[in-house]
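Per this note's numbering, the sequence shown runs over residues 146 to 798. Remarks on the structure that follows.
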Amino acid sequence: MSAETSSRTCAPARGLLALLLLLLVQWLGGCSSIETQHRDWSEYDGPGAEWFQLEEPEFFDPMADDAEPFNRSMFAFNDGFMRYVISPLGRGWRFVFRQPVRDAFSRFGTNLQYPVRAVNNAVQGEGGATGRESARFLINLTVGLLGFFDPATPMGVAAAPNDTGRSLTNAGWEQPRFLTLPGVGPSSTRDGVGWVGDSALSIEFWLWPVGFFTRFNELAGSVENYKRLVDQRYDAYELTRYAWSIMRLKQVVDMSYDDADPGAARETLNAIFLGSDDPGFLGRTTVHEPQLPGRPEPLPYNLWLQPDPAPLVFVVPGLGSHRSNDTAVALAELFHGRGWSVVSISSTMHPEFMRGAGSHSLPGYSPLDAADLRAALAAINRDLATRHPDAVTSRALVGVSMGAFHTMLVAAGVGARDDGLQLDGYLALETPVDLLYGVELLDGFYRAPMQLAADEREEKINNVLQKVAHLLLHDQPEADRELPFSEWEAEYLIGVAFRLTLVSVIFDSQLRDDRGVLLTPIEERERGAAYREIVRYSFMEYVFAWLIPSLLERDDLELQSPDEIFELSRLQHWGEQLAANPDVRVIANENDFLTNEAHQLWLQQTLGPERVILRPMGGHLGNLSKPEVQAEIVDVLAELLGERRGAGGSSGP
146 MSAETSSRTC APARGLLALL LLLLVQWLGG CSSIETQHRD WSEYDGPGAE WFQLEEPEFF
206 DPMADDAEPF NRSMFAFNDG FMRYVISPLG RGWRFVFRQP VRDAFSRFGT NLQYPVRAVN
266 NAVQGEGGAT GRESARFLIN LTVGLLGFFD PATPMGVAAA PNDTGRSLTN AGWEQPRFLT
326 LPGVGPSSTR DGVGWVGDSA LSIEFWLWPV GFFTRFNELA GSVENYKRLV DQRYDAYELT
386 RYAWSIMRLK QVVDMSYDDA DPGAARETLN AIFLGSDDPG FLGRTTVHEP QLPGRPEPLP
446 YNLWLQPDPA PLVFVVPGLG SHRSNDTAVA LAELFHGRGW SVVSISSTMH PEFMRGAGSH
506 SLPGYSPLDA ADLRAALAAI NRDLATRHPD AVTSRALVGV SMGAFHTMLV AAGVGARDDG
566 LQLDGYLALE TPVDLLYGVE LLDGFYRAPM QLAADEREEK INNVLQKVAH LLLHDQPEAD
626 RELPFSEWEA EYLIGVAFRL TLVSVIFDSQ LRDDRGVLLT PIEERERGAA YREIVRYSFM
686 EYVFAWLIPS LLERDDLELQ SPDEIFELSR LQHWGEQLAA NPDVRVIANE NDFLTNEAHQ
746 LWLQQTLGPE RVILRPMGGH LGNLSKPEVQ AEIVDVLAEL LGERRGAGGS SGP
């Protein structure tokens, strides 16, 4: 037997042996040892007691992670492999093979996995699906030239994806444990066993050079997007685990929704359509990391520099967002295309900013956060002046959502000092006016399922999350199609997104400065137990259990009460300073749930109606992807920068 033949025949056995060994190592050496504990607040009668007594839906977590330390180690291994092996090789691969060619390679590989789909559909009693898959395979194999093309789809022969893991689910294995496999990624004990079956059935596996080719093509095409998504997340492992677990649930997804129930939350979900038009735009950024005095880590920022001297636009995204998230990059691309240089930094409530620029371990007190933002911008400005002298002709600050609120405070002079930073314009995109109002509303969104009957609540929550998974896996949403969510479902999804942001804020802050509120031990490599305790805390509970006590302890702030803290976190308190700054502009939507009619009237009366643009619809950020809104943003910003260039200076702080 030749060496080549031997390696092919032994490959399945080696794969099975490796998997069994991996499972053994997992259960012997990688099991979680931390138990989640919960503080009893039922007798608490101190400040904010009413927020601790509200009933909330249980956070849905579909798959236990009993081997978290092991799984995190495997995630780190896979991440290193993607970054240091696939990424450099992938650049050459993508240069040689353009996207249409890579897509053809991918279709070829998918066609070779036909036996996996056909057999598992048959095992599950889906004879029609097996027939469709057989027809697709033959059509694409012949007319589609070995599967490099897919004529079956336009002929109406739909795909019927399936796998051995699903067959094991149907056979009764419904409570697997999460598992991360090296070289494979997120899986479970059930799907790990299913992976052996899939491998044995796949034509790719038996023609291993072909399988290696198609797998590398898949990884090379997705690695840059993978790195971007991982880099944006405070804990990419946890988000990957959670999303994958939902996708593997055994449940028939009900995609229906109440389309007669329009509302701002449903419009807000359209924010997912805001993104960069050029997939390579983010890759053309340079990342610099100035060290701010007294901070434990440097503060990274993204820079897109024009080749010639140009205005500079600072972009600050929304609550808890990373400098490379879709909103920040889309705005950076928009402004860079206009001829301006762009800097994006992370939100003051993102752990990257908290570690690199936060002066208080617990973010959320707006005057401190705005002062920290101002100090960070000044440090970046000095760093740019050193690296690129005379590259900047004027400067503007653009904030989104919470970033817009902080932009308004910076415009009001909060944190102003002799730091060499001159800002020539301030543009707030959909700013809140009263943070307490907004925080209470977001907590209410998380409680949206409480309106449902108790006996159907869990099932409907599961279905909402599986709708999201279905859209991502099978039916990519398009901007001209309505997303299939009722208003309460949209509210809940928004509430969940912000609750997960809060989890990262609390965990990271307590990892560095434990206030003693949490009862569960906080461990870097074993976070799940603490996460399960933290996720039960709302924003208002965070404010009263963590933020306010820590602020009142600081003598330098001279704060006397929660009411004073709340007052200083309203734009109305800074109205006189904002009215005196002619370089402030606001673009917002009338049906934005973070503001009400009184807030919008106050903005117009304080700044003047000519400096506030109110569009009738869009919810919160839901219309930023529309060309007419983007054109309006650019026009307002161009006016600000043009005025200042003409005037030759700045009238703002």
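Even glycine gets a Cβ: it sits at the ideal position worked out from N, Cα and C.
Going by the CB atoms, is the gap between residue j and residue i shorter than 9 Å?
| i | j | result |
| --- | --- | --- |
| L444 | A502 | yes |
| L752 | V578 | no |
| M227 | V368 | yes |
| L393 | M208 | First, the amino acid is wrong: residue 393 is Arg here, not Leu. Yes, the pair counts as a contact, with Cβ atoms nearer than the cut-off. |
| N362 | F242 | yes |
| M595 | T576 | no |
| H551 | A593 | no |
| F294 | W389 | no |
| R519 | V555 | yes |
| A573 | V474 | no |
| V688 | G193 | yes |
| Y682 | A674 | no |
| S486 | L450 | yes |
| F205 | I606 | yes |
| V458 | R532 | no |
| V341 | T309 | yes |
How many angstroms separate the CA atom of residue i from the CA atom of residue j?
| i | j | result |
| --- | --- | --- |
| L166 | G337 | Annotation note: pLDDT 48 at L166 (below 50); position unreliable, coordinate value reported separately. Spanning the two alpha carbons is a distance of roughly 12 Å. |
| E604 | R411 | 21 Å |
| R644 | N526 | 33 Å |
| L692 | L587 | 17 Å |
| V461 | G548 | 5 Å |
| A477 | D423 | 11 Å |
| L766 | G583 | 14 Å |
| S546 | S469 | 16 Å |
| A409 | L739 | 10 Å |
| W186 | F197 | 6 Å |
| D343 | S506 | 48 Å |
| D517 | D563 | 14 Å |
| A212 | E678 | 18 Å |
| W353 | L291 | 17 Å |
| E195 | V609 | 29 Å |
| L169 | Q611 | At L169, the pLDDT of 49 sits below 50, so the modelled position is not reliable; the number obtained from the coordinates is stated separately. Straight-line Cα distance between these residues: approximately 31 Å. |
| Y676 | L616 | 27 Å |
| Y637 | F282 | 41 Å |
| N768 | M762 | 8 Å |
| R670 | P214 | 6 Å |
| T314 | E497 | 40 Å |
Which residue wins for smallest C-alpha separation from residue i, given the options the options?
| i | options | result |
| --- | --- | --- |
| V500 | P435, A556, Y259 and A561 | The residue asked about is misnamed: residue 500 is Arg in this sequence, not Val. The residue with the shortest Cα to Cα distance from R500 is P435. |
| L346 | A675, T314, N266 and L692 | N266 |
| T472 | P454, W485, S492 and A455 | S492 |
| V757 | A733, K771, L739 and Q775 | A733 |
| V488 | P512, M494, A455 and E627 | A455 |
| G764 | A297, F282, I417 and A304 | I417 |
| R602 | E180, E195, H183 and E203 | E203 |
| E773 | E784, P727 and R760 | R760 |
| R699 | Y510, D210, I490 and N285 | Y510 |
| A783 | R483, R184 and Q655 | R483 |
| A304 | G310, R311, T255 and P508 | T255 |
| P260 | W238, D224 and P306 | P306 |
| F590 | L618, V641 and G565 | V641 |
| I710 | E721, S695 and F480 | S695 |
Let me know if residue i comes out buried or exposed under the rule of 16 or more other beta-carbons within 10 Å of its beta-carbon.
| i | result |
| --- | --- |
| E349 | buried |
| A280 | exposed |
| Y229 | exposed |
| V288 | exposed |
| P452 | exposed |
| M494 | buried |
| F240 | exposed |
| Q182 | exposed |
| G661 | exposed |
| F222 | exposed |
| D653 | buried |
| R715 | buried |
| S401 | exposed |
| L786 | buried |
| F357 | exposed |
Report yes or no: is there a C-beta of chain D within less than 9 Å of the C-beta of residue i?
| i | result |
| --- | --- |
| W719 | No chain D appears in this structure, which consists of one protein chain only. |
Original post:
Are there three or more Cβ pairs, one per stretch, closer than 8 Å when the stretch 234-250 is compared with the stretch 304-319?
Top reply: No, because fewer than three Cβ pairs between the stretch 234-250 and the stretch 304-319 fall closer than 8 Å, the two stretches do not touch.
Original post:
Can you find at least 3 beta carbon pairs, one from the stretch 562-572 and one from the stretch 701-716, that sit closer than 8 Å?
Top reply: No, the stretch 562-572 does not touch the stretch 701-716.
Original post:
Pairing CB atoms from the stretch 244-264 with CB atoms from the stretch 370-388, are three or more of them under 8 Å?
Top reply: In the pairwise beta carbon analysis, the stretch 244-264 is classified as not touching the stretch 370-388: fewer than three pairs are separated by under 8 Å.
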